[in-house]
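Undergrad: Chains as they are written, first to last, in the numbering used here: chain A, 1 to 276; chain B, 277 to 571.
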Amino acid sequence: MRQREHAFQLVLFFLLVLLALIFLLPFYFITINSVKSFSEIIKTPASLPTTIRFENYRIAIRQVSFFQMLFNSLVITVFSVSLMVLFGSPAAWKLVRVPSKVSTIFFTLYVAAMVIPFQSVMVPLVKVASEAQLLDSRLGLICIYVGFGQSFTVFLYHGFIKTVPYELEESALLDGCSDARLFFSIVFPLLKTITVTIIILQTLWVWNDFLLPSLILYAKDLQTIPLSINRFFGQYKNQWDKALPTLVMGILPIVVFFLSLQRFMIQGIAEGAVKG
Amino acid sequence: MKAEHKLKNINISYWIATLPGFLIFAGVVLLPLIIGFGYSFTTWTGIGKQASFVGFSNYVRVLSNDPKALASLLFTARFTLTVVLLSNIIGFSLALAITALAWGQGPLRVIFFLPNVIGGLILGFIWRFLLINGLPAIGALMHIQAFTTPWLGDAATAFWGTVLVYVWKTAGYLMVIYIAALLSIDQNLFDAAHIDGAKTLSVLLHIKIPLIMPAITVCLFLMLSWAFKLFDVIFSLTGGGPFGSTESFALNIYNEAFLYNNYGYASAKAVLFTVLVAILTLFQVRVTKSREVQS
């Protein structure tokens, strides 16, 4: 019996490892081919490179202004997600703690808005953005992300705050604590787990988003990673020796981010799904 | 008593906490939604151009006289159905296998989840390379006929190409949700079943699946709403081709608006899209509610 269990574990493990290797195949393929010459990519895409051509990367870094686009993506993601948390958490707190008609209206609008597909608002959004001087500006894009992120952020915080006991806040109020201090020194620290979940989910969305920034940012020095890669592919369609290094560099930051925080991320995703 | 009063009132601090976020939200989501609804009754074709009111004729045209829109809707329905099933089956199987494993759970979970953290646009480009150059090379090496055909060049195989990429991306996400659900089952139940001599299959059918029903509902609808709105993977992988055969409805709206500049007509499609998604969501809420009553 013990032996059968052992054999079963071994077979299962090897099957899963084999499957995992197949899952990783795309990354292996683009990485080994990113350092080959064009003719070598076309002739023998499955074999290891005969010589490693790092100049592919040097050319790609210059062509897509890699560090500029990395900087843009970072600025836009960090500010958008921080502001979502800053605007969303106190709002959700008040909506839970102040039961009233106004709170119900706010919350209903947020929940209903989560249904709206982005394609349904994108055309007039560009017009609104142009009237409000938000086009072709990182700040403008951040502003739009905060607006779109608000409903999901409030929704997740709302569900979590309902489970937080009220007594702590009550006693703090009796001590004469102001609303702002009450929130930031007592309530917000209690929301740590859901805040981590929100930061992870919204970061994945903003960092990887293509359609919204493509409608807002035009100038070459404002491009984010997905925008820059798309522009590059438009120019060098199927010129893989130029394109593959940009893909490898494009996925590297978010993969490193994920691998260093994988424990929190996987937990955060599981929690976010149950609440959402 | 006074403290209670202060916290539960709509006062200045209530507005300071709720209003800034709401105003931005109203400006970029609600306002465009209302404007778009207005445009859907016009022939507007761009900023600075005249728009004339045409009543419901845009809507009539989408529903009765736009074969491309209809084809994209059909593609979206077929695609959604296929990936909802495949992704859930694979995600659930992976979760079952990984939770049964005595060692190596962590790294395997990370690997299967990895494609999720990468944006759809980049994934599409990666798989473009794989399907155009990589797979044919493997096929030639291993003499597998199915791999050597140009996957993205033919309508039938291009459909399965997009399905493959999307299932590869999403299965790991669902797996994570299923693993969390499976691990939350009370271990005593398995011990009791074991003592009663229950087989692996009946443990699966009578303990595991019934107890993770909420997670199954979540995963089905999560996939449904993602797949139905799919845009970026298709945009970069096939661009909707060959011959529009993999054009999703979201991509059809995008092309109508930004390729052909028919903003008024695209707005009518967008309104219909919202209605369709809303119907799916209401359906989801009903199913979820009835489940909660049962359990």
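No residue lacks a Cβ here, since even glycine has one placed at the ideal position from N, Cα and C.
(1) State the Cα-Cα distance for the pair residue 424 of chain B and residue 104 of chain A, rounded to the nearest angstrom.
(2) Buried or exposed, going by whether 16 or more other CB atoms sit within 10 Å of the CB of residue 158 of chain A?
(3) Classify residue 197 of chain A as helix, strand or coil using the three-state DSSP reduction.
(4) So what's residue 224 of chain A in DSSP terms, helix, strand or just coil?
(5) What whole-angstrom Cβ distance do residue 260 of chain A and residue 301 of chain B have, given they're in contact under 8 Å?
(6) Is residue 492 of chain B close to chain A? Criterion is C-beta to C-beta, closer than 7 Å.
(7) Since residue 377 of chain B contacts residue 9 of chain A with CB under 8 Å, what's their CB separation in whole angstroms?
(8) Please list the residues of the segment 542 to 570 of chain B that have a C-beta atom closer than 8 Å to any C-beta atom in chain A, keeping them in chain order.
(9) Going by other Cβ atoms of all chains shown within 10 Å of its Cβ, with 16 needed for buried, is residue 288 of chain B buried or exposed?
(10) Less than 8 Å between the CB atoms is what I'm expecting for residue 245 of chain A and residue 56 of chain A, so what's the real figure, rounded?
(11) Mapping the DSSP letters down to three states, classify residue 332 of chain B as helix, strand or coil.
(12) Does the beta carbon of residue 139 of chain A sit closer than 7 Å to a beta carbon anywhere in chain B?
(13) For residue 431 of chain B, which residues from the same chain have a beta carbon less than 7 Å from its beta carbon, with the 5 sequence-adjacent residues on both sides left out?
(14) Along the chain, where does the alpha helix (DSSP H) containing residue 467 of chain B start, and where does it finish?
(15) Hey, is residue 518 of chain B's beta-carbon within less than 7 Å of any beta-carbon in chain A?
(16) So that I know if they touch, is there some Cβ in chain A lying closer than 7 Å to that of residue 572 of chain B?
(17) Thinking C-alpha only, which one of B/539, B/355, B/462 and B/477 is nearest residue 125 of chain A?
(18) Could you tell me how far apart the beta carbons of residue 80 of chain A and residue 176 of chain A are, in whole angstroms, since I believe they sit closer than 8 Å?
(19) How big is the Cα-Cα spacing for residue 433 of chain B and residue 439 of chain B?
(20) Would you call the segment 136 to 147 of chain A and the segment 296 to 311 of chain B in contact, with 3 or more CB pairs under 8 Å?
(21) Comparing alpha-carbon positions, which option in A/137, A/78 and A/255 lies nearest residue 219 of chain A?
(22) For chain A, check one thing: does any of its Cβ atoms lie closer than 7 Å to the Cβ of residue 409 of chain B?
(23) Using only the alpha-carbon positions, how far apart do residue 318 of chain B and residue 530 of chain B sit?
(24) Counting only beta-carbon atoms, is residue 200 of chain A nearer than 7 Å to chain B?
(25) So, does the segment 88 to 101 of chain A touch the segment 156 to 173 of chain A, judging by three or more C-beta pairs under 8 Å?
(26) Can you tell me the Cα-Cα spacing of residue 293 of chain B and residue 147 of chain A, whole angstroms?
(27) Counting contacts by CB-CB distance shorter than 7 Å, is residue 294 of chain B in contact with chain A?
(28) Could you tell me whether the Cβ of residue 329 of chain B comes closer than 7 Å to any Cβ of chain A?
(29) How would you call residue 5 of chain A, buried or exposed, if buried means at least 16 neighbouring beta carbons within 10 angstroms?
(30) What residue range does the alpha helix (DSSP H) around residue 44 of chain A cover?
(31) Tell me the residue span of the alpha helix (DSSP H) that contains residue 499 of chain B.
(32) On a Cα-Cα basis, can you pick out the residue from A/181, A/39 and A/270 that is closest to residue 490 of chain B?
(33) Any idea if residue 43 of chain A is buried or exposed, counting beta-carbon neighbours within 10 angstroms, 16 or more meaning buried?
(34) List the whole-angstrom C-beta distance separating residue 537 of chain B from residue 344 of chain B, where the pair is believed to meet the contact cut-off of C-beta under 8 Å.
(35) Would the beta-carbon of residue 41 of chain A fall within 7 Å of that of residue 240 of chain A?
(36) Cβ atoms of residue 398 of chain B and residue 250 of chain A: under 7 Å apart, would you say?
TA: Taking the geometry as given:
(1) Position 148 of the second sequence, counted from the first residue, corresponds to residue 424 of chain B. Position 104 of the first sequence, counted from the first residue, corresponds to residue 104 of chain A. Cα to Cα, residue 424 of chain B sits roughly 58 Å from residue 104 of chain A.
(2) Position 158 of the first sequence, counted from the first residue, corresponds to residue 158 of chain A. Buried.
(3) Walking along the first sequence from the start, residue 197 of chain A turns up at place 197. Residue 197 of chain A: helix per DSSP, three-state reduction.
(4) Here residue 224 of chain A is taken as the residue at index 224 of the first sequence, counted from 1. Coil.
(5) Numbered from 1 along the first sequence, position 260 holds the residue referred to as residue 260 of chain A. Numbered from 1 along the second sequence, position 25 holds the residue referred to as residue 301 of chain B. Not quite, the Cβ-Cβ distance comes to about 32 Å (not below 8 Å), so this is no contact.
(6) In the second sequence, counting from the first residue as 1, residue 492 of chain B sits at position 216. Cβ-Cβ to chain A under 7 Å: no for residue 492 of chain B.
(7) Within the second sequence, residue 377 of chain B is the residue found at index 101, counting from 1. Within the first sequence, residue 9 of chain A is the residue found at index 9, counting from 1. Sure, about 7 Å apart at Cβ, within 8 Å.
(8) Within the segment 542 to 570 of chain B, 542, 543, 546, 547, 549, 550, 553, 554 and 557 place their CB atoms closer than 8 Å to a CB of chain A, listed in sequence order.
(9) The residue you call residue 288 of chain B lines up with position 12 of the second sequence. With fewer than 16 other CB atoms across the displayed protein chains lying within 10 angstroms of its CB, residue 288 of chain B is exposed.
(10) The sequence position of residue 245 of chain A within the first sequence is 245, counting from 1. The sequence position of residue 56 of chain A within the first sequence is 56, counting from 1. Their Cβ separation, rounded to whole angstroms, is 5 Å, which keeps residue 245 of chain A and residue 56 of chain A in contact under 8 Å.
(11) Start at 1 with the first residue of the second sequence, and residue 332 of chain B comes out as number 56. Correct three-state label for residue 332 of chain B: coil.
(12) Position 139 of the first sequence holds residue 139 of chain A. So, not an interface residue.
(13) Locating residue 431 of chain B in the second sequence gives position 155, where the first residue counts as 1. Result list for residue 431 of chain B: 518, 519 and 521, in chain order.
(14) Here residue 467 of chain B is taken as the residue at index 191 of the second sequence, counted from 1. 463 to 471 is the span of the alpha helix (DSSP H), which, as asked, contains residue 467 of chain B.
(15) Position 242 of the second sequence, counted from the first residue, corresponds to residue 518 of chain B. Judged by the 7 Å Cβ criterion, residue 518 of chain B is not in contact with chain A.
(16) Because residue 572 of chain B is not part of the residues shown, which for chain B are 277 to 571, the question remains open.
(17) By 1-based counting over the first sequence, the position of residue 125 of chain A is 125. Selected option, being the one with the closest Cα: B/539.
(18) The residue you call residue 80 of chain A lines up with position 80 of the first sequence. The residue you call residue 176 of chain A lines up with position 176 of the first sequence. Residue 80 of chain A to residue 176 of chain A, Cβ: 36 Å. No contact.
(19) Taking the first residue of the second sequence as 1, we reach residue 433 of chain B at position 157. Taking the first residue of the second sequence as 1, we reach residue 439 of chain B at position 163. The alpha-carbon atoms of residue 433 of chain B and residue 439 of chain B are separated by roughly 10 Å.
(20) With a cut-off of 8 Å, the segment 296 to 311 of chain B and the segment 136 to 147 of chain A count as touching, because enough Cβ pairs lie within range.
(21) Counting from 1 along the first sequence, the entry for residue 219 of chain A is found at position 219. The residue from A/137, A/78 and A/255 with its alpha-carbon nearest to that of residue 219 of chain A is A/137.
(22) Walking along the second sequence from the start, residue 409 of chain B turns up at place 133. Between residue 409 of chain B and chain A, the shortest Cβ-Cβ separation is below 7 Å.
(23) If you number the second sequence from 1, residue 318 of chain B lands on position 42. If you number the second sequence from 1, residue 530 of chain B lands on position 254. The alpha-carbon atoms of residue 318 of chain B and residue 530 of chain B are separated by roughly 18 Å.
(24) Reading the first sequence from its first residue, position 200 is the one you call residue 200 of chain A. Closer than 7 Å: no.
(25) Three or more pairs of CB atoms, one per stretch, sit closer than 8 Å, so the segment 88 to 101 of chain A contacts the segment 156 to 173 of chain A.
(26) As a working mapping, residue 293 of chain B is identified with position 17 in the second sequence. As a working mapping, residue 147 of chain A is identified with position 147 in the first sequence. Their Cα atoms are separated by approximately 15 Å.
(27) Counting from one through the second sequence, the residue named residue 294 of chain B turns up at place 18. It does: the Cβ of residue 294 of chain B has a partner Cβ on chain A nearer than 7 Å.
(28) Within the second sequence, the letter at position 53 stands for residue 329 of chain B. So no, residue 329 of chain B is outside the interface.
(29) Reading the first sequence from its first residue, position 5 is the one you call residue 5 of chain A. Looking at its Cβ environment, which holds fewer than 16 other Cβ atoms inside 10 Å, residue 5 of chain A is exposed.
(30) Locating residue 44 of chain A in the first sequence gives position 44, counting from the first residue. Following the DSSP letters along the chain, one finds residue 44 of chain A in no alpha helix (DSSP H), marked with neither H nor E.
(31) Position 223 of the second sequence, counted from the first residue, corresponds to residue 499 of chain B. In this chain, the alpha helix (DSSP H) harbouring residue 499 of chain B covers 489 to 504.
(32) As a working note, residue 490 of chain B is residue 214 in the second sequence. Checking every option, the nearest Cα to that of residue 490 of chain B belongs to A/270.
(33) Residue 43 of chain A sits at position 43 when you count from the first residue of the first sequence. Burial check for residue 43 of chain A: the Cβ neighbour count within 10 Å stays below 16, so the residue is exposed.
(34) Counting from one through the second sequence, the residue named residue 537 of chain B turns up at place 261. Counting from one through the second sequence, the residue named residue 344 of chain B turns up at place 68. Wrong, their Cβ atoms sit about 16 Å apart, outside the cutoff.
(35) Translated into positions along the first sequence, residue 41 of chain A becomes position 41. Translated into positions along the first sequence, residue 240 of chain A becomes position 240. Closer than 7 Å, so yes.
(36) Residue numbering aside, residue 250 of chain A sits at position 250 when the first sequence is read from its first letter. Residue numbering aside, residue 398 of chain B sits at position 122 when the second sequence is read from its first letter. It is a contact, given that the beta carbons lie within the stated cut-off.
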